[in-house]
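Asker:
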Amino acid sequence: MSISLLNKKALDVLQQTFGYQSYRFKQKEIIESVLSGNDTLALMPTGAGKSLCYQIPAIISSKKTIVISPLISLMDDQVAALNECGVQAVKIHSDLPYEARISSWNNFKSGKVKIIYLSPEKLMSENIINELKTMEVGLFVIDEIHCVSKWGHDFRPDYNKLSELKTLFPKSNIVGFTATADKTTRLDIVENIFNKNVRVFISSLDRPNLSLSINQKTNWKNQLVDFLNIRKMQSGIIYCLSRKKTEEVTSFLINKGFNASAYHAGLDGQVRKNVQNTFMTDQAHIVVATIAFGMGIDKPDIRFVIHLNLPGSVEAYSQEIGRAGRDGKASDTLLIYGLDDLVIQRKITEDSDKESKYKFYDNKRLDYLLSYCETPECRRKVLLSYFDENSDNCNNCDNCLNPPSLIDGTILAQKLLSTIYKTGQFFGQVHIINVLRGSEDKKIIDKGHHNLSVYGIGNDKSKEFWQSFLRQMLAYGHLKINFQKYGAIQITNTGVEVLRNKLKFLYKDIPIKLTKEMVKAPKYLNKDLNTEDTALLKNLKFLRLEIAKKTKPTCFHGFSR
Ligand code: ADP
Ligand code: ZN
41 MSISLLNKKA
51 LDVLQQTFGY
61 QSYRFKQKEI
71 IESVLSGNDT
81 LALMPTGAGK
91 SLCYQIPAII
101 SSKKTIVISP
111 LISLMDDQVA
121 ALNECGVQAV
131 KIHSDLPYEA
141 RISSWNNFKS
151 GKVKIIYLSP
161 EKLMSENIIN
171 ELKTMEVGLF
181 VIDEIHCVSK
191 WGHDFRPDYN
201 KLSELKTLFP
211 KSNIVGFTAT
221 ADKTTRLDIV
231 ENIFNKNVRV
241 FISSLDRPNL
251 SLSINQKTNW
261 KNQLVDFLNI
271 RKMQSGIIYC
281 LSRKKTEEVT
291 SFLINKGFNA
301 SAYHAGLDGQ
311 VRKNVQNTFM
321 TDQAHIVVAT
331 IAFGMGIDKP
341 DIRFVIHLNL
351 PGSVEAYSQE
361 IGRAGRDGKA
371 SDTLLIYGLD
381 DLVIQRKITE
391 DSDKESKYKF
401 YDNKRLDYLL
411 SYCETPECRR
421 KVLLSYFDEN
431 SDNCNNCDNC
441 LNPPSLIDGT
451 ILAQKLLSTI
461 YKTGQFFGQV
471 HIINVLRGSE
481 DKKIIDKGHH
491 NLSVYGIGND
501 KSKEFWQSFL
511 RQMLAYGHLK
521 INFQKYGAIQ
531 ITNTGVEVLR
541 NKLKFLYKDI
551 PIKLTKEMVK
561 APKYLNKDLN
571 TEDTALLKNL
581 KFLRLEIAKK
591 TKPTCFHGFS
601 R
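For the record, in the sequence shown the residue sitting at position 55 is 95 according to the numbering used here, with numbers rising by one throughout.
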């Protein structure tokens, strides 16, 4: 069938089966790519309408389609929505009784039903793979495809095996969707899943109807009540880091007369279902949740999303705030963060069982989130620039509406930029700031950086000042972190202009005195060691250092401790 005929059929399905007049965002282009038999990767904001992009080709095709989805509730919703439109689809997941799973599979195998939803681990089981090899599968759909990448913020081991799909089914096409993946994650997906050969569609992730604001945490209870008092008849989600905090916030809000429920993985399944149902139907209901809540909830009129703790990454943050205002109407987001959150997030990263290079990347991601929090610039600009998108001032964020007081920091910026330049754009912030402040760190002496003209030119400011200043420069786009080069801080084109005095740099006043613990990732957590053991560990580390010096004199400074 010619592509123009296929396109016409697709439009018919959009209008007749789904009842929509026209395509949105890049739906048309993505559907055309899939219909033309291309492997396709699409990045679209939440609520843009990813599902139709694969459902329409699946309906038109005579071959079978397999949709891989990470969440049972997502599968249930999608299958129910398709069935409501008169499209037959089945699912297999662990919540279904055995008989229902068998019958789903038989209906799919016999060709009675063309579309099946599966979890990644079900799909990649030996039995299913062997059976699928005997069938004609046209399309594999991977929803939330960023979960494939270890560089992503939400890696799931179950997704790992999907990289074998291309080899196992060379004749089938793959299409992947995500609403959140930075460049490194995208490249990783392209390499691992698509073997580098894929058409990529990136829609703007901008959600102009969402207002963005960030408050430093002073008294969260007052801050919360101030925000909610003027939004009394609205539904919203409040995200917290811990289960305990969700309970605490919920009781506090109920006491204040708000209609709030807690939601977290520790609650009974039925309780969670009830909370979700009330939320879906009730006009004014607040759910206080851990991040477990919200994925796959298609409630169009969530009017606000509040974070009471720093989220884990820019990706997580943008996905979570993205749950507000799916109907396109004005909605508000508020992040209340304290520097104590930073310590917690660093510790979560430190304690995770990821390999060190991924932990390192997570820490850099957190650095970016911090620079987003600290920016005096339009927040939307900074947020979108993380996903390599440009935008103008939005007039819908706190910084646009209430510009913070700015100080001319051009000379300070030039000191910082010169230091980065003179040290070869090769180092992370710790080393750069050490050079700037004239520290006697071993690495500086080894590299001969104490001989540079920039050595110590910034010693009138504290380390904490420079850290915040550097993050602002980063947020402004004068600096970038090169993740491929182990997090080296590098100068961008506009940074060069500041260095050459062609561009001024204004910075937001830095009043907070950051403490060491807040800024640094905790290196050693020796909580289980007694005094004797601590002394022993110290001696051992000293010994290791001595041995390292003797055996590998040129690279011993690579030892971090
Ligand atoms: P997401 O991208 O978050 O997965 P969905 O596929 O769930 O988004 O779609 C979000 C909502 O938009 C759904 O209610 C869907 O029916 C609706 N939708 C999708 N495409 C269109 C369209 N072309 N016109 C109007 N509404 C659409
Ligand atoms: Zn703005």
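Where a beta carbon is used, it is the ideal one built from N, C-alpha and C, also for glycine.
What's the C-alpha gap between E480 and L492?
Answerer: Working through the sequence shown from its first residue, we reach residue 480 at position 440. Working through the sequence shown from its first residue, we reach residue 492 at position 452. Approximately 13 Å between the Cα atoms of the pair.
Asker: Buried or exposed: where does E166 fall if 16 or more other Cβ atoms within 10 Å of its Cβ makes it buried?
Answerer: The count along the sequence shown starts at 1 and reaches residue 166 at position 126. E166 should be labelled exposed.
Asker: Given 8 Å as the limit, tell me if M175 has its C-beta closer than that to any heavy atom belonging to the ligand ADP.
Answerer: Position 135 of the sequence shown, counted from the first residue, corresponds to residue 175. False, no ligand heavy atom lies under 8 Å from that Cβ.
Asker: Measure the C-alpha to C-alpha separation of E69 and K284 and round it to an integer number of angstroms.
Answerer: The sequence position of residue 69 within the sequence shown is 29, counting from 1. The sequence position of residue 284 within the sequence shown is 244, counting from 1. Straight-line Cα distance between these residues: approximately 46 Å.
Asker: Just checking L546 against the ligand ZN - is the residue's beta carbon closer than 8 Å to any of the ligand's heavy atoms?
Answerer: Translated into the one-based positions of the sequence shown, residue 546 becomes position 506. No, the ligand ZN has no heavy atom inside 8 Å of this Cβ.
Asker: So, with DSSP's three-state summary, where would you put Q256?
Answerer: Here residue 256 is taken as the residue at index 216 of the sequence shown, counted from 1. DSSP places Q256 in strand when its eight states are reduced to three.
Asker: Any chance you could list the beta strand (DSSP E) runs of at least 3 consecutive residues sitting entirely within the stretch 86-126, in chain order?
Answerer: The stretch 86-126 contains these whole beta strand (DSSP E) runs: 104-108.
Asker: What's the gap between the Cα of K544 and the Cα of D402?
Answerer: Walking along the sequence shown from the start, residue 544 turns up at place 504. Walking along the sequence shown from the start, residue 402 turns up at place 362. Cα to Cα, K544 sits roughly 31 Å from D402.
Asker: Measuring only from the beta carbon, is L245 closer than 8 Å to any heavy atom that is part of the ligand ZN?
Answerer: Numbered from its first residue, the sequence shown carries residue 245 at position 205. Because no heavy atom of the ligand ZN lies under 8 Å away, the Cβ of L245 does not count as near it: no.
Asker: So that I know if they touch, is there some Cβ in chain C lying closer than 9 Å to that of K394?
Answerer: Looking for chain C here will not work: only one protein chain is present.
Asker: Entirely within the stretch 346-388 and at least 3 residues each: give me those beta strand (DSSP E) ranges in chain order.
Answerer: Counting only runs of 3 or more, we get 371-377.
Asker: If you draw a straight line from the alpha carbon of K90 to that of L54, how long is it in whole angstroms?
Answerer: By 1-based counting over the sequence shown, the position of residue 90 is 50. By 1-based counting over the sequence shown, the position of residue 54 is 14. Roughly 13 Å between the two C-alpha positions.
Asker: Under the three-state reduction of DSSP, which class applies to A50: helix, strand or coil?
Answerer: Taking the sequence shown and counting its residues from 1, one reaches residue 50 at position 10. Three-state result, A50: helix.
Asker: When DSSP builds the beta bridges, which residues end up paired with C437?
Answerer: Within the sequence shown, the letter at position 397 stands for residue 437. In the DSSP output, where bridge partners are listed per residue, C437 has L252.
Asker: Taking the alpha carbon of G334 as the point to measure from, which residue in G276, T290, L307 has its own alpha carbon closest?
Answerer: Along the sequence shown, read from residue 1 onward, the residue named residue 334 stands at position 294. Answer by Cα proximity: G276.
Asker: State the Cα-Cα distance for the pair D345 and G87, rounded to the nearest angstrom.
Answerer: If you number the sequence shown from 1, residue 345 lands on position 305. If you number the sequence shown from 1, residue 87 lands on position 47. Inspection of the sequence shows that residue 345 is occupied by Val rather than by Asp. Distance between the alpha carbons of V345 and G87 is about 15 Å.
Asker: Just curious, the alpha helix (DSSP H) that L406 is in, first and last residue?
Answerer: As a working mapping, residue 406 is identified with position 366 in the sequence shown. Run containing L406: 396-414, per the alpha helix (DSSP H) assignment.
Asker: In three-state terms, what does DSSP make of A219?
Answerer: Sequence index remark: in the sequence shown, residue 219 carries index 179 (1-based). Coil.
Asker: Going by CA-CA distance only, name the one from E171, S212, N442, L423 that's closest to L406.
Answerer: As a position in the sequence shown, residue 406 is number 366, starting the count at 1. Of E171, S212, N442, L423, the residue nearest in Cα terms is L423.
Asker: Between T86 and the ligand ADP, is the CB less than 8 Å from at least one heavy atom?
Answerer: Looking up residue 86 in the sequence shown gives position 46. True, at least one ligand heavy atom lies under 8 Å from that Cβ.
Asker: Where Q310 and F319 are concerned, what is the direct C-alpha to C-alpha distance, given to the nearest angstrom?
Answerer: Translated into positions along the sequence shown, residue 310 becomes position 270. Translated into positions along the sequence shown, residue 319 becomes position 279. Each residue's alpha carbon lies about 14 Å from the other.
Asker: Quick check on DSSP: helix, strand or coil for Q316?
Answerer: Within the sequence shown, residue 316 is the residue found at index 276, counting from 1. Three-state DSSP puts Q316 in a helix.
Asker: When you compare the CB positions of D117 and D338, do they come within less than 9 Å of one another, or not?
Answerer: Here residue 117 refers to the residue found at position 77 of the sequence shown. Here residue 338 refers to the residue found at position 298 of the sequence shown. Contact flag set, yes.
Asker: Identify the continuous alpha helix (DSSP H) that holds A515 and give its terminal residues.
Answerer: For the purposes of this step, residue 515 is taken as the residue at position 475 of the sequence shown. Where A515 is concerned, the enclosing alpha helix (DSSP H) stretches over 503-516.
Asker: Thinking just about the alpha-carbon of each residue, which of S371, S358, I278, D367 is nearest to the one in H325?
Answerer: By one-based count along the sequence shown, residue 325 stands at place 285. Of the candidates S371, S358, I278, D367, the one whose C-alpha sits nearest the C-alpha of H325 is I278.
Asker: In angstroms with no decimal places, state the Cα-to-Cα distance between L293 and A356.
Answerer: Walking along the sequence shown from the start, residue 293 turns up at place 253. Walking along the sequence shown from the start, residue 356 turns up at place 316. L293 and A356: Cα-Cα distance of roughly 25 Å.
Asker: For D381, collect the residues of the same chain with a Cβ closer than 7 Å to its Cβ; drop the 5 residues on either side in sequence, then sort them by chain order.
Answerer: Within the sequence shown, numbered from 1, the residue matching residue 381 stands at position 341. Correct list, in chain order: N349, L350.
Asker: Between N435 and the ligand ZN, is the CB less than 8 Å from at least one heavy atom?
Answerer: Walking along the sequence shown from the start, residue 435 turns up at place 395. The answer is yes for N435.
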